[in-house]
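J.:
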Amino acid sequence: MPGEETETSRAAPHAPSPTNVRPKPPIYNFEAPAPLVAAHAGQQRWKIHCLGELRVFRQDGTPVQWNRIQGATLKTKTLFAYLLHRGQKGAAVEEIADLLWPEASSTEPSLNRLYHTVHCLRMALSPELTSHLIHEELGHTMTTHSRYPLLFSPLSTNNLILLNRLVVPAMVTRLPGEDGFVNQDTIDRYVRFSKGEVGLIIVEATAIHTAKSGQLLRLGADEFIPGHRDLVKQVHDAGPSKVALQIIHFLKIARSGWRQTVEMLSKDEIKAIVRGYGEAAARTREAGYDAVELHMAHSYTMSSFMSARNKRSDEYGGRSLETRMRLMSEVMVEARRMCGPDYPIGVRFDGEECIKDGYSIGDSKYFALRMAQLSMDYISISAGGKFEDAVKREGHPLDPYTGYSGDRTMPPLTYPLNVNVYLADAIKAFINAHGFNTPVITAGRITNAGQAEELLKGGKADLIGMARAILADADLPKKSREGREDQIVYCIYGNICKQLEENYKKVRCGSLWPKEYLHAPESADAAPPHWPNGGKLQLELRENGRLRVDWEAAADNEGMYGYEVFRSVNDGPYAHLTSSRSTAHVDEQALAGNKYSYFVRPYDLAGNRGPQSNVAEVVVNPDFGLPDGVSIALDGKVIANS
C-alpha cells in the first residue's frame, strides 16, 4: 500500500574510492604502436608503475606528473589506458578504471571495465587501430558500421557508456513470483537480451512498495538487493549490455472496478512516495545496476499527478502546470540526493496521454525540460496507457492497456511505423533549444536497424527503443551489426505478448516462438531448412473477401521456427506480409479488382532462411457491377513500399 514505507532514512551512497594500497606490480617497458606514437608527439617508450597511484616515466626517465594526466586530453588518457592494459593485462583493466575514471564502480566485472576503456579508444584513435585493438581484446570488431554508423556508435551520459544506441525499454514479463524476488526465469530473460548485444536493457517495472504487488519485482526493502545483484552480474557476464532498473509506485485497484486516485492520498502518503523512490534508487545503485529509471508514465502514480486530469486542488493538484510537476520534481531531487551526482538516473514518461482532456506535447515538453534541468541523464518517451479509457471486464480490475491509449503504448500492426516518434522529436528539439543535450529515447513500432538509423540521422532522438522487436529476436542488434539481417526474425506486432501480460500469464512472443520456449531461441546452426516437396503452396478464395494461403511443412536438421509470407499485388515487388508458426495464413486485405501472388520461406531456430516455395496466384474479381471505364486496381509498387 502507498504510504507504508519505513521512516528510516538511507544515507546517500558515494562512489567507491580507489584502493589506497595495492600490491607492487613489476615495471613494464614496451613499445607503443606507431599510430599511438604519431598521436602523442613521438614518445615511443614508457615505463608504467602502479602502487596506489600511476607513475609514468618518459623514455629519458623524466617523470610525468599524475595530476597533469588526470586533467589531460582524451588522447593522452587513451594512450595511458592502452599502455596500462597492454602492459598488465587483466588486472590493469581495474587499474585503468580506478585511476583514469575514479568515479567508475569498483564492482563492475573486468569485461565491463574494459568496455569503458574501449569507449575512449574509439573516441580518440583511428578507426583502423581501434578495430585492431578491440578485435584483439574483445574478440570481435566494433569499427564504424558502414550501413548504420550512428546506430552502432557509442553514447555516454554521466557514467553510463553504451556501445550502441539500441535500448530494450522496460516490459513487464510476469516471470517473477508474487513474492517479488528475482528468480532465474527473470534473470534468463535479461541475460538473453545481453547476449544479443543491445546497448541498454531496462529491467521491468519494480515496485518501491513494502506491500505485495503481484507478479512484479520489488525493491522496497534491503532483502531484495541480493537477487538484483545476481541479475546484474549474470547480465554483465553474458555480454556488453548495460542494465538499468525501472522503479515504480502505483495506486490500488480492485476487481470491482474501483481504483484509488491521486486526490485520495494524504500529504504524509505523498511524502512517503518521495522517500520510497529515493530509497529504492539508492538500493538500485547498491545492487550494481548501471543506472536507475524513474517510472513516470502511463496509469501509475507519478503520471497521474502529472496528468491534465489530476483533480487535486492543493500544491500537488491539476490547477497549474507547476503544481502538476511538483511531485515529479521532488522525486527527482530526492533520487539524485540519495544516489549522488555520479550515478546515472533516467526518466520514462508519457509525451502524450492519448485520452480526452489529457495532455500532449504542449505540456510534455515542459516536463522534459524540468527533467533535464534537474540533472536527469536520459529521458525516455512513451505514450498512453491510461485507466480513463480502459475496457471494463466483469470480475477483473481495470487494465490501462486495453483501450485506445493502451494501443498507443504498444501500437499493433494496424498503426503506422514510428507512430510515437513525433513526441520525442518535439521534446528533443525543445530541450536542445534551451541548451540541454540530455539523450532522448523514442519508441513505438520501430522495427529494424535501417529505420532506427534514419531516425538518428534525422535528429529525431538519441537512442532507439525496441521492445517487441528485440523480444521477438534478442539477437537483432548483433545480427544487424554483423550484416546478418537476413537471419533476423522480425516482430509482426500481433500483440499476443500484450494479451499474455493482460491475463497475468508469462510474457513471451506467442506469435513466433516455438511453444516450448520461454525466451528467444538460441542456435549456432548454419544449415537452412528445406522443403520436402517444394512447398506445395496453394490458394483458396473464400467468401467475404478472405484469401487463405496453405503450404506444406518444411524440415530442418535442428528445429523449425516459422515461415515468412511474401505477397505481390498486380505483379509489383514482393513484400513481407507476415510471419507464421503454422502452415497457413488468411489474408483479409485481398481487395477485389486485383491480382495477388504469394510465396513463403521457412526459417529455423537460428534464423537461417530456406528456399522460397512455389508461387501461387489468384485474381479477385468484384462481385458487384462496375461502371464502364472504372478501375479499382491497386498500384503494386505503392503497396509493397507502404
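Residue 592 in the working numbering sits at position 486 of the sequence shown, and the numbers go up by one each step. Glycine included, every Cβ here is placed at the ideal spot set by N, Cα and C. Everything numeric in this text was worked out from a predicted model, so none of it was measured.
Quick one: complete alpha helix (DSSP H) runs, 4+ long, within the stretch 244-332?
T.: Whole alpha helix (DSSP H) segments, 4+ residues: 290-301.
J.: Please list, in chain order, all residues of the same chain as ASP291 whose beta carbon is under 6 angstroms from its beta carbon, the five residues on each side excluded.
T.: As a working mapping, residue 291 is identified with position 185 in the sequence shown. Contacts found: LEU281.
J.: Counting C-beta neighbours from all protein chains within 10 Å, is the total for LEU433 16 or more, i.e. buried, or is it exposed?
T.: Translated into the one-based positions of the sequence shown, residue 433 becomes position 327. Result: buried.
J.: Report yes if the CB atom of MET104 is closer than 8 angstroms to the CB atom of VAL453, and no otherwise.
T.: The structure shown does not extend to residue 104, since the chain spans only 107 to 748, so no value can be given for it.
J.: Out of VAL398, SER488, HIS404, which has the shortest C-alpha to C-alpha gap to THR263?
T.: In the sequence shown, counting from the first residue as 1, residue 263 sits at position 157. Looking at the Cα atoms, VAL398 is the closest of the given residues.
J.: Short of 6 angstroms in beta carbon distance, which residues of its chain neighbour PRO728, apart from the five on each side in sequence? Order them along the chain.
T.: As a working note, residue 728 is residue 622 in the sequence shown. Hits under 6 angstroms: ALA698, GLY699.
J.: Do you know how far the Cα of ALA530 is from the Cα of GLY565?
T.: As a working note, residue 565 is residue 459 in the sequence shown. As a working note, residue 530 is residue 424 in the sequence shown. So the alpha carbons of these two residues sit roughly 10 angstroms apart.
J.: Mind pulling the alpha helix (DSSP H) runs of 4 or more residues that sit fully within the stretch 436-523?
T.: The qualifying runs are 467-479, 510-515.
J.: Nearest-angstrom Cα distance between GLY424 and ILE359?
T.: The residue you call residue 424 lines up with position 318 of the sequence shown. The residue you call residue 359 lines up with position 253 of the sequence shown. Each residue's Cα considered, the two are about 22 angstroms apart.
J.: For my contact list, ALA388 and CYS445 are in at a C-beta cut-off of 8 angstroms; report their separation, rounded to the angstrom.
T.: Indexing the sequence shown from 1 puts residue 388 at position 282. Indexing the sequence shown from 1 puts residue 445 at position 339. That pair is a contact at about 6 angstroms.
J.: Could you compute how far the alpha carbon of ILE331 sits from the alpha carbon of ARG442?
T.: Along the sequence shown, read from residue 1 onward, the residue named residue 331 stands at position 225. Along the sequence shown, read from residue 1 onward, the residue named residue 442 stands at position 336. Taking the straight line from one Cα to the other gives about 19 angstroms.
J.: To the nearest angstrom, report how far apart ILE547 and ASP420 are at their CA atoms.
T.: Translated into positions along the sequence shown, residue 547 becomes position 441. Translated into positions along the sequence shown, residue 420 becomes position 314. Taking the straight line joining both Cα atoms gives about 32 angstroms.
J.: Which residue marks the beginning of the beta strand (DSSP E) containing ASN700, and which one marks its end?
T.: Sequence index remark: in the sequence shown, residue 700 carries index 594 (1-based). Residues 700-710.
J.: What does the Cβ neighbour count give for ILE293, buried or exposed, with the cut at 16 atoms within 10 Å?
T.: For the purposes of this step, residue 293 is taken as the residue at position 187 of the sequence shown. Counting Cβ neighbours within 10 Å, ILE293 comes out buried, since at least 16 surround it.
J.: Note down, one range per segment and in chain order, each alpha helix (DSSP H) of at least 4 residues found wholly within the stretch 532-591.
T.: Those alpha helix (DSSP H) runs which fall completely within the stretch 532-591 and span 4+ residues are 555-563, 574-578, 582-587.
J.: Given a threshold of 16 other Cβ atoms within 10 Å of its Cβ, counted over all protein chains shown, does GLN695 qualify as buried or as exposed?
T.: Your numbering for residue 695 matches position 589 in the sequence shown. That one is exposed.
J.: Starting from MET402, trace the beta strand (DSSP E) both ways and give me its first and last residue.
T.: Walking along the sequence shown from the start, residue 402 turns up at place 296. Residues 397-402.
J.: Would DSSP call PHE730 helix, strand or coil?
T.: Within the sequence shown, numbered from 1, the residue matching residue 730 stands at position 624. Reduced to three states, the DSSP call for PHE730 is coil.
J.: For GLY345, which residues of its own chain have a beta-carbon under 6 angstroms away from its beta-carbon, when the five flanking residues on both sides are left out?
T.: Taking the first residue of the sequence shown as 1, we reach residue 345 at position 239. So the qualifying residues of the chain are SER300, LYS301, GLU303.
J.: CB-CB under 6 angstroms to LEU519, same chain, minus the five flanking residues each way: which ones, in chain order?
T.: For this step, residue 519 is matched to residue 413 along the sequence shown. These residues qualify, in order along the chain: TYR599.
J.: Roughly how many angstroms separate the alpha carbons of GLN352 and PRO717, rounded to a whole number?
T.: For this step, residue 352 is matched to residue 246 along the sequence shown. For this step, residue 717 is matched to residue 611 along the sequence shown. When rounded, the distance between both Cα atoms is 43 angstroms.
J.: Cβ of TYR610 within 8 angstroms of Cβ of SER685?
T.: Locating residue 610 in the sequence shown gives position 504, counting from the first residue. Locating residue 685 in the sequence shown gives position 579, counting from the first residue. No, these two residues do not count as a Cβ contact at 8 angstroms.
J.: Please return the same chain residues whose Cβ sits closer than 7 angstroms to the Cβ of GLU234, not counting the five positions on each side in sequence.
T.: The residue you call residue 234 lines up with position 128 of the sequence shown. Residue placement at GLU234 is poorly supported in this model, since its pLDDT is 43, which falls under 50; the coordinates still yield a value, given next. Excluding positions up to five away in sequence, the list is empty.
J.: Would you tell me roughly how many angstroms separate the C-alpha atoms of TYR709 and PRO634, rounded to the nearest one?
T.: Reading the sequence shown from its first residue, position 603 is the one you call residue 709. Reading the sequence shown from its first residue, position 528 is the one you call residue 634. One C-alpha to the other measures close to 7 angstroms.
J.: Whole angstroms are fine: how far does the CA of SER629 sit from the CA of TRP619?
T.: Numbered from its first residue, the sequence shown carries residue 619 at position 513. Numbered from its first residue, the sequence shown carries residue 629 at position 523. For TRP619 and SER629, the distance between alpha carbons rounds to 13 angstroms.
J.: Hey, would you say the C-beta of TYR610 is under 7 angstroms away from at least one heavy atom of the ligand MN?
T.: What this structure holds is no ligand at all, so the ligand MN is not there to describe.
J.: Once the 5 residues before and after LYS534 are set aside, which same chain residues still bring their CB inside 8 angstroms of it?
T.: As a first step, residue 534 must be located in the sequence shown, where it is residue number 428. Cβ within range, chain order: VAL546, GLY565, LYS566, ALA567, ASP568.
J.: To which residues does DSSP link MET408 through a beta bridge?
T.: The residue labelled residue 408 in the question sits at position 302 within the sequence shown. Beta-bridge pairing links MET408 to no other residue.
J.: The alpha helix (DSSP H) with VAL744 in it runs from where to where?
T.: As a first step, residue 744 must be located in the sequence shown, where it is residue number 638. That run of the alpha helix (DSSP H) goes 742-747.
J.: Can you tell me whether DSSP reads ALA690 as helix, strand or coil?
T.: Stepping through the sequence shown from its first residue, residue 690 is reached at position 584. Of the three classes helix, strand and coil, the one that applies to ALA690 here is strand, per DSSP.
J.: With DSSP run on the structure shown, which of helix, strand or coil describes ILE738?
T.: Against the sequence shown, residue 738 aligns to sequence position 632. Looking at ILE738 - three-state DSSP - the assignment turns out to be coil, as it is neither helix nor strand.
J.: Quick one: what's got a C-beta closer than 8 angstroms to ALA558's C-beta in the same chain, skipping five residues either side?
T.: Indexing the sequence shown from 1 puts residue 558 at position 452. Taken in chain order, the residues that qualify are TYR254, LEU257, ARG271, LEU272, ILE552, ILE570, MET572.
J.: Can you give me the C-alpha to C-alpha distance between ASP396 and PRO450, rounded to a whole angstrom?
T.: What you label residue 396 is simply residue 290 of the sequence shown in a count that begins at 1. What you label residue 450 is simply residue 344 of the sequence shown in a count that begins at 1. Using only the alpha carbons, I get a separation of about 7 angstroms.
J.: Can you name, in chain order, every residue of its own chain whose Cβ lies under 6 angstroms from the Cβ of GLY678, other than the five neighbours on each side?
T.: As a working mapping, residue 678 is identified with position 572 in the sequence shown. So the list reads GLY742, LYS743, ALA746, once near-sequence residues are dropped.
J.: In the DSSP assignment, find the unbroken beta strand (DSSP E) run with VAL671 in it and report its ends.
T.: Along the sequence shown, read from residue 1 onward, the residue named residue 671 stands at position 565. Its beta strand (DSSP E) spans residues 666-675.
J.: Between which two residues does the beta strand (DSSP E) carrying ASP374 extend?
T.: Counted from its first residue, the sequence shown places residue 374 at position 268. Here ASP374 belongs to no beta strand (DSSP E); instead the alpha helix (DSSP H) covers 373-392.
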